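Beneath this line is the structure, given in structure tokens, with notes to follow.
Numbering (the numbering used here), first residue to last: 314 to 491.
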């Protein structure tokens, strides 16, 4: 069984470098609605039986660029791990501050975040369990969620062709299980 995991294309969104908590939350929502730069994605010449995408539009746009207009299987199980401001304030903080603190809250299980690490792991495991059979698949998903999904797949005996800390937009990682 072979699974291609693809990070969505580069999103055409200019993040504000300094934000209040409300502005950061608004920026996250705008990012989720922004289109992708289709030149940031390469086509893939491969015979894939099924393509799974998240419900966020940037994965559909990426899948169409790679595989053409096709009947993709949309599922919220592949959505990016949602992020919101770590606390409420009218003081502007740097973008990196909001991102780091929000992800730390996700990791430690802080209920301020819409989803915590344990929930992300369960979501990835449930998705993986639902697709495991002998077919080859492509999955178009999101950078932060990819780490959890790939880790789950490795626990199930898959071997990845790349091991990285970060995955570029449009990058393809192939996992194989004999």
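Cβ atoms here follow ideal geometry from the backbone N, Cα and C, with glycine treated the same way.
These numbers were taken from a predicted model, which means no experiment stands behind them.
- Alpha carbon of residue 325 to alpha carbon of residue 448, nearest angstrom: 34 angstroms
- Query: What's the gap between the Cα of residue 327 and the Cα of residue 491?
  - Reply: 43 angstroms
- Around the Cβ of residue 469, are there at least 16 other Cβ atoms within 10 angstroms (buried) or fewer (exposed)? exposed
- With DSSP collapsed to three states, give me the class of residue 341. helix
- Item | Candidates 425, 424, 423, 452, of which the one nearest residue 437 by Cα | 452
- Task: Can you give me the start and stop residues for the alpha helix (DSSP H) that residue 437 sits inside?
- Result: 430 to 444
- Query: What do you reckon, are the CB atoms on residue 378 and residue 354 nearer than 9 angstroms?
  - Reply: yes
- Pair every Cβ in the stretch 384 to 394 with every Cβ in the stretch 453 to 472, then say whether three or more of these pairs are closer than 8 angstroms. yes
- Query: The beta strand (DSSP E) with residue 487 in it runs from where to where?
  - Reply: 485 to 489
- Item | Candidates 416, 387, 351, 384, of which the one nearest residue 397 by Cα | 416
- Would you list the one or two residues that DSSP bridges to residue 290? This structure does not reach residue 290, given that the chain is present from 314 up to 491, and the question cannot be answered.
- Measuring alpha carbon to alpha carbon, tell me which of 482, 483, 480, 445 ends up nearest residue 471. 445
- Query: How many Å lie between residue 482 and residue 465 at the Cα?
  - Reply: 21 angstroms
- Task: Counting only the same chain and skipping the five closest in sequence on each side, list residues whose C-beta sits under 6 angstroms from that of residue 366.
- Result: 372, 373, 376, 385, 387, 453
- Task: Give every residue of the same chain whose Cβ lies closer than 6 angstroms to the Cβ of residue 426, excluding the five residues on either side of it in the sequence, and list them in chain order.
- Result: 418, 419
- Span of the beta strand (DSSP E) around residue 454: 450 to 454
- Item | Continuous alpha helix (DSSP H) stretch holding residue 379: start and end | 370 to 380
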